[in-house]
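Engineer: I'd like to ask some things about the structure below.
There are 2 protein chains.
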Amino acid sequence: MTQVHREQHAEGERTPFDEIERSLMQISWLAQRQFMQLLDDERFRLTVPQFYTLLHLEPLTEACKMSDLAEATHQSAASLTGVVDRLDEKQLIERVRDAKDRRQVMVAVTTYGRELVAEIKQARREQMQMALAHLAETEIEALMLLLDRVLAGMARTLERAEGGRLA
Amino acid sequence: MTQVHREQHAEGERTPFDEIERSLMQISWLAQRQFMQLLDDERFRLTVPQFYTLLHLEPLTEACKMSDLAEATHQSAASLTGVVDRLDEKQLIERVRDAKDRRQVMVAVTTYGRELVAEIKQARREQMQMALAHLAETEIEALMLLLDRVLAGMARTLERAEGGRLA
DNA sequence: CTAGATAATCAACAACATTTAGTATATCAC
DNA sequence: GTGATATACTAAATGTTGTTGATTATCTAG
Numbered sequence: 550m551t552q553v554h555r556e557q558h559a560e561g562e563r564t565p566f567d568e569i570e571r572s573l574m575q576i577s578w579l580a581q582r583q584f585m586q587l588l589d590d591e592r593f594r595l596t597v598p599q600f601y602t603l604l605h606l607e608p609l610t611e612a613c614k615m616s617d618l619a620e621a622t623h624q625s626a627a628s629l630t631g632v633v634d635r636l637d638e639k640q641l642i643e644r645v646r647d648a649k650d651r652r653q654v655m656v657a658v659t660t661y662g663r664e665l666v667a668e669i670k671q672a673r674r675e676q677m678q679m680a681l682a683h684l685a686e687t688e689i690e691a692l693m694l695l696l697d698r699v700l701a702g703m704a705r706t707l708e709r710a711e712g713g714r715l716a
Numbered sequence: 550m551t552q553v554h555r556e557q558h559a560e561g562e563r564t565p566f567d568e569i570e571r572s573l574m575q576i577s578w579l580a581q582r583q584f585m586q587l588l589d590d591e592r593f594r595l596t597v598p599q600f601y602t603l604l605h606l607e608p609l610t611e612a613c614k615m616s617d618l619a620e621a622t623h624q625s626a627a628s629l630t631g632v633v634d635r636l637d638e639k640q641l642i643e644r645v646r647d648a649k650d651r652r653q654v655m656v657a658v659t660t661y662g663r664e665l666v667a668e669i670k671q672a673r674r675e676q677m678q679m680a681l682a683h684l685a686e687t688e689i690e691a692l693m694l695l696l697d698r699v700l701a702g703m704a705r706t707l708e709r710a711e712g713g714r715l716a
């Protein structure tokens, strides 16, 4: 196992807050990493940008303009074209030129695309459950309490910041 | 602004739970994206894997073996070599061969590396505060309450899964 | 000393995302 | 129609990460 040596130096003051902040960051990294691996599964073969682009399209009844999609997913238009190309190859989305403004390309998720998103969500749910399966019920409860307190602390921080700015 | 058309189709049943799940996923994507952009700032010029590798080293008093670092950050050894190369170029870490086992390369964060991590954390905190600055105090409170309930719901899901498996 | 295991790196390559700049097409104002 | 603008795509170049398999150096067991 990896040995961990924590610092206690007097100047620099490593506070519990710092520890928690670091833990949250590390958890975020690991979760992201785990999700990446899930998406890379042979059933899906998606990358993270591809999935989130698809996810944005999935609930829409109507097709979405490329430019709107780029804005919504915070990707540049040129970058999005590549991502949408790859989704198109996999037949997860369809490109249709708008009848009214023939410059525009409207993108819509296909039925297969919707199915895949559903599968991925299901797999992710199972993955999360498995990730916590080794914890005892009491440990999960404790974890939840702690997370609640983290959120409460974040709320307080935000209130203070807000108060300071609006005073 | 992007027009959003939500689906109400009878089969398929779009539940509020689905909506929230999607929102959480989208928030996670946007947060990740925002963080990426922050790390790309001229002050830092880091990538996400580079930052989290550095983050893992930052609290350690002693240097860390490459293999342990790879395991901890969930990267392959070969992949990590490249990441550490780039951190080394930026003088954020130092490589030292272990005296006892000269095969091993020990990696340690430099003072400059620690400073940069601190700067990034600070910037991130400010970024988060700015992201929520446009919310009224009552809205933030409401948001926090809702997040609490999301977490509680997650806990229940986990308990059920746990109960089913252990029954 | 030798054989084999171990640690890290290297080499070669593929995939993806990203940027910049340029292009084709279509729309709109006049 | 003409010129300006808008929309999406393309091309080319870059950087990072990732994989696989070989390689180098080192240690350890016998």
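As they're listed, the protein sequences go chains X and F.
Those letters in the first sequence? Residues 550 to 716, per this note's numbering, in order.
Those letters in the second sequence? Residues 550 to 716, per this note's numbering, in order.
Beta carbons: idealized from backbone N, C-alpha and C, even for Gly.
#1: For a quick check, are the C-beta atoms of residue 610 of chain X and residue 632 of chain X less than 8 Å apart?
#2: Which word fits residue 702 of chain X, buried or exposed, when buried means at least 16 other C-beta atoms lie within 10 angstroms of its C-beta?
#3: Could you check which residue in X:578, X:626, X:641 has the C-alpha nearest to that of residue 584 of chain F?
#4: In terms of alpha-carbon separation, which member of X:643, X:569, X:604, X:567 lies closest to residue 612 of chain X?
#5: Anything in the region 571-586 of chain F with a Cβ closer than 9 Å to a Cβ of chain X? List those residues in chain order, please.
#6: I'd like to know if residue 696 of chain F contacts chain X, where contact means its C-beta is closer than 8 Å to some C-beta of that chain.
#7: When DSSP builds the beta bridges, which residues end up paired with residue 633 of chain X?
#8: Please report the straight-line C-alpha distance between residue 666 of chain X and residue 659 of chain X, rounded to a whole angstrom.
#9: Confirm, please, whether the CB-CB distance from residue 636 of chain F to residue 599 of chain F is below 8 Å.
#10: Whose C-beta lies closer than 8 Å to the C-beta of residue 565 of chain X among residues of the same chain, with five residues either side of it excluded?
#11: Let me know the secondary structure DSSP gives residue 609 of chain X once reduced to three states.
#12: Quick one: does residue 565 of chain F have its CB under 8 Å from some CB of chain X?
#13: Based on DSSP bridge pairs, tell me the residues matched to residue 643 of chain X.
#14: Look at the alpha carbon of residue 672 of chain X and the alpha carbon of residue 693 of chain F, and state the distance between them as a whole number of angstroms.
#15: Can you tell which of X:654, X:679, X:630, X:606 has its C-alpha closest to the C-alpha of residue 661 of chain X?
#16: Can you give the beta carbon distance from residue 604 of chain F to residue 618 of chain F, rounded, assuming they're within the 8 Å contact cut?
#17: Contact criterion: CB-CB distance below 8 Å. Does residue 661 of chain F meet it with respect to chain X?
#18: Assuming residue 657 of chain X contacts residue 645 of chain X (C-beta within less than 8 Å), just tell me the rounded distance between them.
#19: Does residue 693 of chain F come within less than 8 Å of chain X when only Cβ atoms are used?
#20: Say whether chain F places a C-beta atom closer than 8 Å to the C-beta of residue 604 of chain X.
#21: Expressed to the nearest angstrom, what Euclidean distance is found between the alpha-carbon atoms of residue 569 of chain F and residue 647 of chain X?
#22: Is residue 700 of chain F near residue 696 of chain X, with beta carbons less than 8 Å apart?
#23: Could you work out which residues of chain X lie near residue 623 of chain F, taking near to mean beta carbons separated by less than 7 Å?
#24: Assuming residue 597 of chain F contacts residue 588 of chain F (C-beta within less than 8 Å), just tell me the rounded distance between them.
#25: Return yes when the Cβ of residue 689 of chain F is within less than 8 Å of the Cβ of residue 593 of chain F, no when it is not.
#26: My output table needs one value for residue 649 of chain X: the three-state DSSP class, helix, strand or coil.
#27: Short of 6 Å in beta carbon distance, which residues of its chain neighbour residue 595 of chain F, apart from the five on each side in sequence? Order them along the chain.
#28: Residue 608 of chain X to residue 640 of chain X, Cα distance in whole Å?
#29: Taking 8 Å as the CB-CB limit, is residue 670 of chain X close to chain F?
#30: Taking the C-alpha atoms as reference points, what is the distance between residue 649 of chain X and residue 683 of chain F?
#31: Under a CB-based cut-off of 8 Å, is residue 701 of chain F close to chain X?
#32: Given that a residue counts as buried once 16 or more other Cβ atoms are within 10 Å of its Cβ, and exposed if not, what is residue 621 of chain X?
#33: Who does residue 614 of chain X pair with in a DSSP beta bridge?
Structural biologist: Short version:
#1: no
#2: exposed
#3: X:578
#4: X:643
#5: 571, 574, 575, 577, 578, 579, 580, 581, 582, 583, 584, 586
#6: yes
#7: None; residue 633 of chain X has no bridge partner.
#8: Distance between the alpha carbons of residue 666 of chain X and residue 659 of chain X is about 11 Å.
#9: yes
#10: none
#11: DSSP places residue 609 of chain X within a strand segment (E or B) once states are collapsed to three.
#12: no
#13: X:657
#14: 28 Å
#15: X:606
#16: Going by Cβ atoms, the distance from residue 604 of chain F to residue 618 of chain F rounds to 11 Å, so no, they are not a contact pair.
#17: no
#18: 7 Å
#19: By this cut-off, residue 693 of chain F is an interface position.
#20: Chain F, which has a Cβ nearer than 8 Å to the Cβ of residue 604 of chain X, makes this yes.
#21: 31 Å
#22: yes
#23: 579, 582
#24: For a cut-off of 8 Å, the C-beta gap from residue 597 of chain F to residue 588 of chain F is around 6 Å, short enough to register as a contact.
#25: For residue 593 of chain F and residue 689 of chain F, no; Cβs fall outside 8 Å.
#26: coil
#27: 588
#28: 17 Å
#29: yes
#30: Looking at the two C-alpha atoms, the distance is approximately 37 Å.
#31: yes
#32: buried
#33: X:655
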